[in-house]
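Below is one structure; the comments refer to it alone.
Numbering (the numbering used here), first residue to last: 743 to 1051.
This is how it looks when you write it as structure tokens:
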């Protein structure tokens, strides 16, 4: 082959190579998996089998067993969320001393919020980056004549907690806290009175009824295993229709009213210029947002002059 022909062929090959490279589709990186952040707030009165103080605190003879059941119900929600695509999960231990969940039993990538005091109270650590919130073991409000161990934040001190004139449950209060950050509550478990109250305020959230209230200290209950199965199914159903849910919000500024069992707290708190005494047992406080109202409730419920250290 002559030099000129070899040069021509080489030129042709280079031209074809340039053409193929210039028209090839650009290389794209693999799509990044979408993050799904879930926040789980856990109480204990709504856990299957809980009926009295015997299950609810360290001095109760059934407490150690029932903190395991509380842990199991939470784990059922965690596993269901992970199976539904959750990539990040935070769990808030929100009962009693805030040190009930057996944290060693949780997957290593789950974050646990424990003990008090903490800004946000039962919703501490939630922020606008979360896609949804779940409530496990919740109970009815202190103004509800039904419900096992029904109360709102303090069974010892409060007889009513209201936002903008409407009495609320802990669940509704916490949903409003999350809603102010754009986070919807999509699932709740607890006794029949608790889930009825929440659905009446939050709409068609998914729920798991763990027991039927017979009185303040009595219930017809599921077994722990059956309760876990029901919770897992409910969480999966909620996450399947995640886009159906909207954040629950209340009008701001937020007017908070707290009624006490005794009159002295109302009298003493009224000495604060930001607090109005509504009647002998009730005070009113107006906060700029749910975060300020939540901190005020925590201060009222938790402050004592002999706090130490």
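Ideal placement from N, C-alpha and C gives every residue a C-beta, glycine not left out.
If you're wondering where the values come from, they're calculated on a predicted model, not measured in any experiment.
DSSP links residue 973 through a beta bridge to no other residue. Residue 988 carries a coil assignment under DSSP once its states are collapsed to helix, strand and coil. The alpha-carbon separation between residue 963 and residue 1002 amounts to approximately 31 Å. In this structure, residue 786 keeps its C-beta atom at 8 Å or more from the C-beta atom of residue 840.
If you draw a straight line from the Cα of residue 863 to the Cα of residue 915, it is about 11 Å long. With 16 or more other Cβ atoms inside 10 Å of its own Cβ, residue 948 counts as buried.
In the DSSP assignment, the residues bridged to residue 1018 are 1026.
In the three-state DSSP reduction, residue 1034 falls in the helix class (H, G or I). When DSSP states are grouped into helix, strand and coil, residue 799 belongs to the coil group.
Taking 3 residues as the minimum length, the beta strand (DSSP E) runs contained wholly in the region 823 to 899 are 830 to 835, 852 to 855 and 874 to 880, in order along the chain. Per DSSP, the unbroken beta strand (DSSP E) holding residue 1002 starts and ends at 996 to 1002.
In this structure, the straight-line span from the alpha carbon of residue 984 to that of residue 827 is close to 12 Å. Under a 10 Å Cβ-count criterion, residue 1014 is classified as exposed, with fewer than 16 other Cβ atoms of the shown protein chains found around its own Cβ. With a cutoff of 8 Å on beta-carbon distance, residue 895 and residue 796 are scored as not near each other.
The way I'd put it, the region 902 to 917 doesn't touch the region 954 to 969; fewer than three beta-carbon pairs between them come closer than 8 Å.
Contact check for residue 874 against residue 780 passes: the beta carbons are separated by less than 8 Å. If you draw a straight line from the Cα of residue 990 to the Cα of residue 1007, it comes to about 31 Å. Here the alpha carbons of residue 997 and residue 1027 stand approximately 6 Å from one another. Of the candidates 976, 1005 and 922, the residue whose Cα lies closest to the Cα of residue 876 is 976.
A straight line joining the alpha-carbon of residue 813 with that of residue 1016 spans about 40 Å. A distance below 8 Å separates the beta carbons of residue 890 and residue 793. Taking C-beta separations shorter than 6 Å and ignoring five residues to either side along the sequence, the partners of residue 880 in its chain run 785, 788, 913, 930, 932 and 936, following chain order. Rounded to the nearest whole angstrom, the C-alpha separation of residue 850 and residue 802 is 30 Å. Excluding five sequence positions before and after residue 853, the CB atoms of its chain that fall closer than 6 Å to its own CB belong to 832, given in chain order.
Judged by DSSP in its simplified three-state form, residue 941 adopts helix.
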